[in-house]
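Below is one structure, written out as structure tokens, with a few remarks after it.
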Amino acid sequence: MNDLFNIIFSEVNLVLTCLLLLLVLYWILTMVSGIDFDYDIDIDVDIDIDADVGIEGGNMDFQDVSNAEVNQDDILGKRRKPLKWWQIFLIYFNFVGLPFMFTFTCWIFAWWFITVLTTSITYSYNSAFGFLIMIIAFFPALIVTKIITTPFKNFFKNLNKDGDKAKEYIGRRGVMLSTISEKKMGNAEVIIDGDSYNIYVKSLDGSPITYHQEILIIKQSQDNNYFLVQTYNN
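Take 1 as the starting number for the sequence shown in this note's numbering and just add one per residue.
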């Protein structure tokens, strides 16, 4: 037991161990008190790229994309720019698309576990080589995090931030907040019970749909990340 304690709180593992303990405390306080410590971190995703992750128009934050009902009040202008490398990084490893603190905790735990296990096997938990192992473990921990968090995406997409069942969008009308065509993804606003919701959409048949044009939501994509829409004619 003393050996395990010494390994966990060794020079190499001390920082990750303390960070993990803080996260455990965070979740305990959240469960016991019900206080929401979540915070929004804005990710500017005004882009114009022909990729499935392309989203044109809008200001996406972690709280928005971690819920099925993506709700945003401030839409940026019509300027377009490519997705930054760190935005792609966060999206790919599920820091966007799931509650941020959930993914962050999984990542820290995976990083801590890999580092502790490897340094204990190599007896390097108090050496410079151990610090090198900790740095290298940063990357496999991200891969492990993506693997273990991906199955939770469908679960969280069926819940909004209050834990209620998500709204039904199929068959509703909305207004485009950006211009889309072919495979390009954009934003649309939908009003449900007096509340405004922002969703990601693609054209059903690839035909162009312009900014502020009224649309009809036809169906949801197979991965539940966006909706297929067409123009609505009164």
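The C-beta atom is built at its ideal place from N, Cα and C for all residues, glycine as well.
Since the structure is predicted, the reported quantities are computational estimates derived from the model, not experimental observations.
Assuming ILE93 and THR145 form a contact by the criterion Cβ under 8 Å, report the distance between their Cβ atoms to the nearest whole angstrom.
The sequence as given places Phe at residue 93; Ile does not occur at that position. Confirmed, Cβ separation roughly 6 Å.
Cβ-based neighbour list, ASN233, same chain, cut-off 8 Å, excluding 5 preceding and 5 following
none
Among LYS153, LYS184, THR210, which has the Cα closest to the Cα of VAL175?
THR210
Please look up how many angstroms separate the CB atoms of VAL229 and PHE131, rounded, as I've assumed it's under 8 Å.
Actually they do not touch by this definition, with Cβ atoms about 52 Å apart.
Please classify VAL32 as buried or exposed, where buried requires at least 16 neighbouring CB atoms within 10 angstroms.
exposed
Contacting residues, own chain, Cβ-Cβ under 8 Å from ILE7 (five flanking each side not counted)
ASN13, VAL116, THR119, SER120, TYR125
Classification of LEU16 by the beta-carbon crowding that lies within 10 angstroms, buried from 16 upward
buried
What number of angstroms, rounded off, separates the C-alpha of ILE199 from the C-alpha of ILE192?
Their backbone Cα atoms lie some 12 Å apart in a straight line.
Assuming TRP295 contacts ALA141 (C-beta within less than 8 Å), just tell me the rounded distance between them.
No statement about residue 295 is possible, as the shown extent of the chain runs from 1 to 234 and does not include it.
Is PHE109 close to chain C, meaning its C-beta is less than 8 Å from at least one C-beta of that chain?
Going by chain labels, chain C is absent from the structure shown, which holds only one protein chain.
When the Cα atoms are used, what is the spatial distance from ASN71 to ASP195?
Because ASN71 carries a pLDDT of 33, less than 50, the predicted location of this residue cannot be relied on, and the following value inherits that uncertainty. Between the alpha carbons of ASN71 and ASP195 lies a distance of about 9 Å.
What number of angstroms, rounded off, separates the C-alpha of GLY171 from the C-alpha of LEU90?
32 Å
Compute the Euclidean distance between the alpha carbons of ASP223 and THR103, then round it to the nearest angstrom.
19 Å
Kindly indicate the opening and closing residues of the beta strand (DSSP E) around LYS184.
Neither: LYS184 is in no beta strand (DSSP E) and is coded neither H nor E.
Locate the beta strand (DSSP E) running through ILE217, then write down its first and last residues.
214-220 is the span of the beta strand (DSSP E), which, as asked, contains ILE217.
Reduced DSSP category for LYS146 - H, G, I as helix; E, B as strand; rest coil:
helix
Residue span of the beta strand (DSSP E) that contains VAL175, given as start and end
173-176
Is DSSP giving VAL229 helix, strand or coil here?
strand
Our contact map puts TYR236 next to VAL201 with C-beta atoms below 8 Å; I'd like the distance itself, whole angstroms only.
Past the boundaries of the shown model lies residue 236; the chain is included only from 1 to 234, so the question cannot be answered.
Rounded C-alpha distance that separates TRP112 from PHE129
16 Å
Cα-Cα separation, ILE114 to LEU98:
23 Å
Should PHE156 go down as buried or exposed, given a rule of 16 or more other Cβ atoms within 10 Å for buried?
By the neighbour-count rule (16 or more Cβ atoms within 10 Å), PHE156 is buried.
Test item: CB-CB of GLY206 and SER178 under 8 Å:
No.
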